[in-house]
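As structure tokens, the structure follows; a few thoughts come after it.
There are 2 protein chains.
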Amino acid sequence: MNSEASAVKLPECFSSVIPGWFSEISPMWPVWMFLSSTYGKVLVLDGVIQLTERDECAYQEMITHLPLCSIPNPKKVLVIGGGDGGVLREVSRHSSVEKIDICEIDKMVVDVSKQFFPRVAVGFDDPRVTLHIGDGVAFLKAVPEGTYDAVIVDSSDPIGPAQELFEKPFFQSVAKALRPGGVMHSAAFSLPSFARKVIESIDRVCRGARRRRFRIYYYKMYIRAKFSITTPI
Amino acid sequence: MNSEASAVKLPECFSSVIPGWFSEISPMWPVWMFLSSTYGKVLVLDGVIQLTERDECAYQEMITHLPLCSIPNPKKVLVIGGGDGGVLREVSRHSSVEKIDICEIDKMVVDVSKQFFPRVAVGFDDPRVTLHIGDGVAFLKAVPEGTYDAVIVDSSDPIGPAQELFEKPFFQSVAKALRPGGVMHSAAFSLPSFARKVIESIDRVCRGARRRRFRIYYYKMYIRAKFSITTPI
Numbered sequence: 000m001n002s003e004a005s006a007v008k009l010p011e012c013f014s015s016v017i018p019g020w021f022s023e024i025s026p027m028w029p030v031w032m033f034l035s036s037t038y039g040k041v042l043v044l045d046g047v048i049q050l051t052e053r054d055e056c057a058y059q060e061m062i063t064h065l066p067l068c069s070i071p072n073p074k075k076v077l078v079i080g081g082g083d084g085g086v087l088r089e090v091s092r093h094s095s096v097e098k099i100d101i102c103e104i105d106k107m108v109v110d111v112s113k114q115f116f117p118r119v120a121v122g123f124d125d126p127r128v129t130l131h132i133g134d135g136v137a138f139l140k141a142v143p144e145g146t147y148d149a150v151i152v153d154s155s156d157p158i159g160p161a162q163e164l165f166e167k168p169f170f171q172s173v174a175k176a177l178r179p180g181g182v183m184h185s186a187a188f189s190l191p192s193f194a195r196k197v198i199e200s201i202d203r204v205c206r207g208a209r210r211r212r213f214r215i216y217y218y219k220m221y222i223r224a225k226f227s228i229t230t231p232i
Numbered sequence: 000m001n002s003e004a005s006a007v008k009l010p011e012c013f014s015s016v017i018p019g020w021f022s023e024i025s026p027m028w029p030v031w032m033f034l035s036s037t038y039g040k041v042l043v044l045d046g047v048i049q050l051t052e053r054d055e056c057a058y059q060e061m062i063t064h065l066p067l068c069s070i071p072n073p074k075k076v077l078v079i080g081g082g083d084g085g086v087l088r089e090v091s092r093h094s095s096v097e098k099i100d101i102c103e104i105d106k107m108v109v110d111v112s113k114q115f116f117p118r119v120a121v122g123f124d125d126p127r128v129t130l131h132i133g134d135g136v137a138f139l140k141a142v143p144e145g146t147y148d149a150v151i152v153d154s155s156d157p158i159g160p161a162q163e164l165f166e167k168p169f170f171q172s173v174a175k176a177l178r179p180g181g182v183m184h185s186a187a188f189s190l191p192s193f194a195r196k197v198i199e200s201i202d203r204v205c206r207g208a209r210r211r212r213f214r215i216y217y218y219k220m221y222i223r224a225k226f227s228i229t230t231p232i
């Protein structure tokens with residue numbers, strides 16, 4: 000991994016940035032790392048903050064425990080994205096879970112997390128975890144029907160590489176991959192304008208053939224939204 | 000409310016404090032308010048930070064939605080403490096809820112929140128909310144059996160005025176006040192050393208006469224812990 004601290008000029012609004020850190024251009028999208036006096040190490044993908052060392056737990060807990068506590072005894076969990084490992088760390092706290100699959104599209108996110116965020120990447124150490132590097136949309140299409148109790152989509156914004164994770168075909172794949180009574184939970188946006196589109200997309204799936212068989216929840220935590228879709232019990 | 004900014008000397012570690020704000024001594028305990036360049040307005044009770052304007056939502060959402068989403072269609076909710084109104088704000092997002100009682104021991108917390116944290120205190124505006132100023136322990140003792148679907152304990156540390164909220168008699172009152180299948184969720188500590196005592200106290204209640212009728216969850220979010228006790232379904 001090359002250190003190229005001088006290659007990227009950070010916006011002036013990053014007033015607490017401590018100079019001397021690195022940036023690196025992934026083959027997929029710009030990956031930045033910087034050190035903030037307030038939030039510790041910060042990971043930026045495609046210009047959007049994804050992870051800050053000092054407050055990451057609030058996000059990881061909300062996106063993980065809310066769905067897993069809303070169903071009894073989850074056993075098989077799939078994480079789409081989440082390459083920093085934080086969601087894995089939280090999923091592994093559930094003793095009922097027997098198998099945790101994760102499909103992350105960018106291996107560099109995993110590598111950066113393991114190198115700079117060891118308390119987050121510790122999630123990969125759980126023996127129940129299997130890491131798949133690849134496209135989450137394709138991965139889900141190949142999943143046999145009714146495989147998972149929970150699917151957690153811990154992605155970047157619904158633009159660029161993650162766009163398909165917020166469109167109808169993907170949500171249909173999720174519904175198929177879930178067992179009856181299973182739950183999906185998704186990080187949805189860092190810009191409020193994305194929220195409506197994502198809600199509408201899920202809503203179209205829900206209002207399709209099997210109305211009343213899903214539930215949607217919407218939360219505002221920092222600048223993200225979460226949704227739960229529960230397939231029929 | 001008198002402005003006495005010069006009356007309290009803040010610790011040097013509060014390096015981001017913007018001078019000129021006020022402190023006020025409540026009849027019950029020291030209540031401080033200060034303005035931080037990073038976290039906005041900050042409320043301190045008894046020397047412990049209770050609320051920061053910029054990140055309060057993460058705490059309020061976790062302590063509220065986790066229990067309310069873990070049971071179907073909660074209708075009657077009791078909040079013990081929570082005088083800033085933030086938990087009320089989140090509870091009110093649940094359309095199934097018909098009645099929200101809150102019992103806060105210190106009216107000054109409510110007044111300070113309404114004056115300085117209007118986006119938090121907005122929770123009091125919901126017509127389903129009834130505010131009771133008084134001792135939560137005594138309030139719960141007088142509650143008829145099986146009244147509430149959920150009891151959320153949003154208190155300060157298990158020392159001083161809040162100590163009784165973490166002891167066996169209180170948890171027994173909670174269990175009695177809950178309907179079968181109801182849930183309790185509690186903020187537990189700001190110092191890790193408190194956590195074990197609280198867990199043990201809940202555990203003693205759970206392991207009492209009716210083992211397997213409770214579930215305990217433990218989360219680390221910032222410096223707090225949450226527990227859920229589910230009475231038999």
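Chains G and A, in that order, give the protein sequences. For the first sequence, numbering that gives the first Met the number 0 begins at 0 and goes up steadily by one. For the second sequence, numbering that gives the first Met the number 0 begins at 0 and goes up steadily by one. Yeah, the Cβ is synthetic: ideal placement off N, Cα and C, and Gly gets one too.
In this chain, residue 158 of chain G is not harboured by any alpha helix (DSSP H), its DSSP state being neither H nor E. One alpha carbon belongs to residue 158 of chain G, the other to residue 35 of chain G, and they sit about 26 Å apart. Judged by DSSP in its simplified three-state form, residue 64 of chain G adopts helix. Given a length threshold of 4 residues, each whole run of the alpha helix (DSSP H) inside the stretch 63-144 of chain G is given here in chain order: 85-90, 106-115, 117-120, 135-140. Taking a beta-carbon distance threshold of 7 Å, residue 107 of chain G does not count as an interface residue toward chain A. No Cβ of chain G is located within less than 7 Å of the beta carbon of residue 176 of chain A. Separation of the CB atoms of residue 55 of chain G and residue 119 of chain G is rounded to 6 Å, and the pair is thereby assigned contact status at 8 Å.
Distance from the Cα of residue 50 of chain A is smallest, within the candidate group A:166, A:201, A:197, A:155, for A:155. Assigned with DSSP and collapsed to three states, residue 38 of chain A falls in coil, not helix or strand. As computed with DSSP, residue 28 of chain G is found in no beta bridge at all.
Contact check for residue 83 of chain G against residue 112 of chain G passes: the beta carbons are separated by less than 7 Å. Per DSSP, residue 173 of chain G has no beta bridge partner at all.
Of the other Cβ atoms in all chains shown, 16 or more fall within 10 Å of the Cβ of residue 73 of chain A; this residue is therefore buried. Residue 47 of chain G is bridged by DSSP to G:44. Taking 7 Å as the threshold, the shortest C-beta distance from residue 69 of chain G to chain A falls below it.
A direct Cα-to-Cα measurement between residue 114 of chain A and residue 58 of chain G gives close to 29 Å.
The alpha carbon of residue 130 of chain A has as its nearest neighbour, out of A:103, A:97, A:199, the alpha carbon of A:103.
For residue 187 of chain A, there are no neighbours in chain G by C-beta distance under 9 Å, as the nearest C-beta there is about 14 Å away. The Cβ-Cβ distance between residue 153 of chain G and residue 186 of chain G falls below 7 Å.
Within chain A, no C-beta atom comes less than 7 Å from the C-beta of residue 51 of chain G; the nearest is roughly 11 Å away.
When CB distances to chain A are screened at a threshold of 7 Å, the residues of the stretch 56-83 of chain G falling below it are 56, 57, 60, 61, 64, 65, 68, 69, in chain order. Within chain G, the C-beta atoms nearer than 7 Å to that of residue 37 of chain A come from 37, in chain order.
The secondary-structure analysis by DSSP pairs residue 165 of chain A with nothing; it has no beta-bridge partner.
The C-beta distance from residue 87 of chain A to residue 30 of chain A rounds to 20 Å, too long to meet the 8 Å contact threshold. A direct Cα-to-Cα measurement between residue 68 of chain A and residue 150 of chain G gives close to 17 Å. Linking residue 177 of chain A to residue 138 of chain A through their CA atoms gives a straight-line distance of about 14 Å.
Cβ-Cβ distances below 7 Å link residue 132 of chain G to 103, 106 in the same chain, with the five nearest sequence neighbours on each side left out; the list follows chain order. Shown here for residue 169 of chain G: same chain residues with a beta carbon closer than 6 Å to its own, the five before and five after excluded, namely 136, 163 in chain order.
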